[in-house]
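Number of protein chains: 2
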Amino acid sequence: MRPRGRAHNEARVRAFRGIAPRCDDRGMDAPNRSAPAFLFDLDGTLVDSVYQHVIAWRDALEEVGIDLPVWKIHRRIGMSGGLFLNQLAREVEGVLDPEVIAALPGLHTDAFIRRFDSVRPLPGAGELLATLSAHDVPWAIATSGPERYARRSLEVLGLPAETPLITRDQVRYAKPDPDLFLTAAERIGADVTASVVVGDSVWDLLAARRARALGIGLLSGGYGREELVFSGAYRVYEDPRDLLAHLDEVGVRRPL
Amino acid sequence: MRPRGRAHNEARVRAFRGIAPRCDDRGMDAPNRSAPAFLFDLDGTLVDSVYQHVIAWRDALEEVGIDLPVWKIHRRIGMSGGLFLNQLAREVEGVLDPEVIAALPGLHTDAFIRRFDSVRPLPGAGELLATLSAHDVPWAIATSGPERYARRSLEVLGLPAETPLITRDQVRYAKPDPDLFLTAAERIGADVTASVVVGDSVWDLLAARRARALGIGLLSGGYGREELVFSGAYRVYEDPRDLLAHLDEVGVRRPL
Numbered sequence: 102m103r104p105r106g107r108a109h110n111e112a113r114v115r116a117f118r119g120i121a122p123r124c125d126d127r128g129m130d131a132p133n134r135s136a137p138a139f140l141f142d143l144d145g146t147l148v149d150s151v152y153q154h155v156i157a158w159r160d161a162l163e164e165v166g167i168d169l170p171v172w173k174i175h176r177r178i179g180m181s182g183g184l185f186l187n188q189l190a191r192e193v194e195g196v197l198d199p200e201v202i203a204a205l206p207g208l209h210t211d212a213f214i215r216r217f218d219s220v221r222p223l224p225g226a227g228e229l230l231a232t233l234s235a236h237d238v239p240w241a242i243a244t245s246g247p248e249r250y251a252r253r254s255l256e257v258l259g260l261p262a263e264t265p266l267i268t269r270d271q272v273r274y275a276k277p278d279p280d281l282f283l284t285a286a287e288r289i290g291a292d293v294t295a296s297v298v299v300g301d302s303v304w305d306l307l308a309a310r311r312a313r314a315l316g317i318g319l320l321s322g323g324y325g326r327e328e329l330v331f332s333g334a335y336r337v338y339e340d341p342r343d344l345l346a347h348l349d350e351v352g353v354r355r356p357l
Numbered sequence: 102m103r104p105r106g107r108a109h110n111e112a113r114v115r116a117f118r119g120i121a122p123r124c125d126d127r128g129m130d131a132p133n134r135s136a137p138a139f140l141f142d143l144d145g146t147l148v149d150s151v152y153q154h155v156i157a158w159r160d161a162l163e164e165v166g167i168d169l170p171v172w173k174i175h176r177r178i179g180m181s182g183g184l185f186l187n188q189l190a191r192e193v194e195g196v197l198d199p200e201v202i203a204a205l206p207g208l209h210t211d212a213f214i215r216r217f218d219s220v221r222p223l224p225g226a227g228e229l230l231a232t233l234s235a236h237d238v239p240w241a242i243a244t245s246g247p248e249r250y251a252r253r254s255l256e257v258l259g260l261p262a263e264t265p266l267i268t269r270d271q272v273r274y275a276k277p278d279p280d281l282f283l284t285a286a287e288r289i290g291a292d293v294t295a296s297v298v299v300g301d302s303v304w305d306l307l308a309a310r311r312a313r314a315l316g317i318g319l320l321s322g323g324y325g326r327e328e329l330v331f332s333g334a335y336r337v338y339e340d341p342r343d344l345l346a347h348l349d350e351v352g353v354r355r356p357l
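Note that the protein sequences, when read in sequence, are chains L and Z. Under my numbering, the letters of the first sequence match residues 102 to 357, in that order. Under my numbering, the letters of the second sequence match residues 102 to 357, in that order.
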């Protein structure tokens with residue numbers, strides 16, 4: 102803590118005297134002047150797959166005799182499967198068999214894969230990523246889902262296999278823990294505190310805050326605008342196409 | 102307008118003098134002292150069927166080659182099918198064939214009926230209606246859907262065939278026009294301005310305001326709380342069970 106505190110105090114003194122900050126003056130809370138990197142969620146943010154996930158979870162839960170209202174499933178898409186099941190176990194009346202809980206993620210994945218043929222890119226997703234690349238803005242994808250179907254979404258988006266992709270399998274904790282976005286930033290050599298997290302769910306935005314990144318919400322996963330703002334989004338757009346049309350608002354310079 | 106104006110002025114004078122209002126003093130804008138009647142939406146409010154409707158519309162649109170992001174379908178469930186298709190025709194790039202538009206409602210209904218087996222009552226729905234009946238609170242159901250599948254939802258809820266049910270077929274305009282709720286109030290002999298509309302969608306709440314009823318929003322259709330508040334809900338609950346637990350807040354007296 103000592104060195105950080107001293108650097109921080111030095112920075113305050115320099116700021117007070119009107120002296121420009123030195124590069125190494127930046128403490129944890131210092132504003133960041135570099136152009137942001139973009140860390141994207143996948144389902145509901147780049148591909149239109151949230152409602153297929155919802156119905157797949159509903160099918161999986163019904164297979165084991167659990168009747169959970171569908172909107173409550175919807176509101177948990179994108180969070181860590183383990184946390185989802187923990188919450189579920191507390192909420193469902195009666196005791197859940199540990200074997201049943203262990204079987205659910207597999208049943209959900211199977212049910213989702215069966216519906217995968219109907220998954221499409223969200224409007225503007227490919228164009229947005231291509232535009233960032235064309236302007237040398239680093240970006241990566243970080244998803245609470247397993248690699249098994251995240252790879253298939255990359256194909257739907259027409260992205261190459263070497264696209265920076267962090268999946269559930271690569272971190273200890275999924276969203277709303279910050280690990281996925283922290284690892285994604287590291288993978289592309291970006292400072293996470295200078296990064297923008299783009300996601301459709303409350304879990305993306307909570308993870309963004311814990312990672313000390315800025316969060317941009319997209320409505321394309323079916324959350325309401327205010328839910329995303331109240332979860333910490335500093336800006337909300339409809340979908341990737343709408344974000345692309347407003348990149349100038351969020352730190353991407355594209356000279357005419 | 103004359104008689105209404107005179108009654109209204111008389112009521113103001115009586116109120117100014119501290120005289121209790123007479124029964125016939127009530128103008129359109131006068132507060133209403135009678136216990137409210139309840140006018141319920143059906144899908145997403147009493148039965149857990151919104152996501153099946155969403156997927157059914159997606160299937161129907163895909164059958165005719167229209168690729169609409171699923172969240173945009175979700176946000177239109179519960180509105181008049183005709184208005185939905187008008188909006189769609191404006192939004193979809195390229196010209197929509199009138200024959201295609203005419204075929205869509207039937208395709209949607211077929212796709213919904215195919216998924217109907219997975220429709221369940223929402224938690225507390227039956228108990229809420231039984232409690233209102235037990236306390237002599239009049240209630241009716243008013244849905245933008247056709248009688249064909251609304252009747253099936255009554256069966257899911259275990260309600261008798263003579264339940265007051267207003268469907269799309271019985272009015273000229275569906276939600277967000279007020280006709281369904283106005284007709285529902287008439288059917289049960291209730292004053293709509295003394296009624297409470299209970300619905301899960303923005304369209305229910307807009308129709309409630311146009312009917313000069315009070316709107317209660319339920320989260321069980323997948324809208325966010327703030328979307329419902331900003332659409333005019335004077336109170337929002339999770340689902341029928343949550344409303345039942347809070348009936349005391351909205352004008353239903355249940356002495357212990």
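Idealized CB from N, CA, C, for every residue including glycine.
* Residues of chain Z with CB under 9 angstroms from SER245 (chain L), in chain order? -> Per Cβ cutoff of 9 angstroms: no residues; SER245 (chain L) is ~19 angstroms from chain Z at best.
* How would you write the range of the alpha helix (DSSP H) that GLY183 (chain L) sits in, first residue to last? -> 182-192
* How would you call ASP218 (chain L), buried or exposed, if buried means at least 16 neighbouring beta carbons within 10 angstroms? -> exposed
* With hydrogens ignored, establish whether the beta-carbon of ASN187 (chain Z) is closer than 7 angstroms to any heavy atom of the ligand SAH. => Here there are no bound small molecules, and the ligand SAH is not part of this structure.
* Just reading off the alpha helix (DSSP H) that ILE156 (chain L) is part of, what are its end residues? -> 151-164
* Within-8 angstroms CB hit, LEU320 (chain Z) to chain L -> yes
* Asked: Which value, in whole angstroms, describes the spacing of the CA atoms of ARG215 (chain L) and TYR335 (chain L)?
  -> 36 angstroms
* Asked: Anyone know if the C-beta pair for SER245 (chain L) and GLY179 (chain L) falls short of 8 angstroms?
  -> yes
* Entirely enclosed beta strand (DSSP E) segments - the segment 236-281 of chain Z, minimum 3 residues -> 240-243
* Asked: To which residues of the same chain is ALA223 (chain L) closer than 7 angstroms at the C-beta, ignoring the five residues directly before and after it?
  -> Residue 223 (chain L) is actually Leu in this sequence, not Ala. Once the five neighbours on either side are set aside, the close Cβ partners of LEU223 (chain L) are LEU147, VAL148, ASP149, SER321, ASP340 and PRO341.
* Asked: Can at least three beta-carbon pairs, one atom from the segment 293-305 of chain L and one from the segment 252-270 of chain L, be found at a separation below 8 angstroms?
  -> no
* **Burial state of LEU281 (chain L) (16 or more Cβ within 10 Å)** => buried
* To do: Grab me the residues of ILE167 (chain L)'s own chain with a C-beta within less than 7 angstroms of its C-beta, minus the 5 sequence neighbours each way, in chain order.
  => VAL193
* the segment 275-291 of chain L / the segment 198-210 of chain L touching (three or more Cβ pairs under 8 angstroms) -> no
* To do: Hey, could you find the ends of the alpha helix (DSSP H) LEU205 (chain L) is sitting in?
  => 199-215
* Inspect the beta-carbon positions of ILE329 (chain Z) and LEU306 (chain Z) and report whether they are closer than 8 angstroms. => Per the sequence shown, the amino acid found at residue 329 (chain Z) is Leu instead of Ile. Contact: yes.
* Please state whether DSSP places SER219 (chain L) in a helix, a strand or coil. => helix
* Check whether the Cβ of TYR250 (chain Z) lies closer than 8 angstroms to any Cβ atom in chain L. => no
* Check whether the Cβ of GLU327 (chain L) lies closer than 8 angstroms to any Cβ atom in chain Z. => yes
* Pick out whichever of L:HIS347, L:TYR338, L:GLY259 and L:ALA190 has its Cα sitting closest to the Cα of ALA231 (chain L). => L:GLY259
* Kindly list, in the order they appear in chain Z, the residues whose Cβ is closer than 9 angstroms to that of HIS209 (chain L). => Simply none; closest approach about 15 angstroms.
* Boundaries (first-last residue) of the beta strand (DSSP E) holding ALA138 (chain L) -> 138-141
* With distances taken Cα to Cα, identify the nearest neighbour of TYR250 (chain Z) among Z:ASN187, Z:ARG311 and Z:VAL220. => Z:VAL220
* Where does ASP144 (chain L) fall in DSSP's three states? -> strand
* Asked: How many angstroms separate the CA atom of SER358 (chain Z) from the CA atom of ARG191 (chain L)?
  -> Outside the displayed range of chain Z (102 to 357) lies residue 358 (chain Z), so it cannot be described from this structure.
* **Helix, strand or coil at SER234 (chain L) according to DSSP, with G and I counted as helix** => helix
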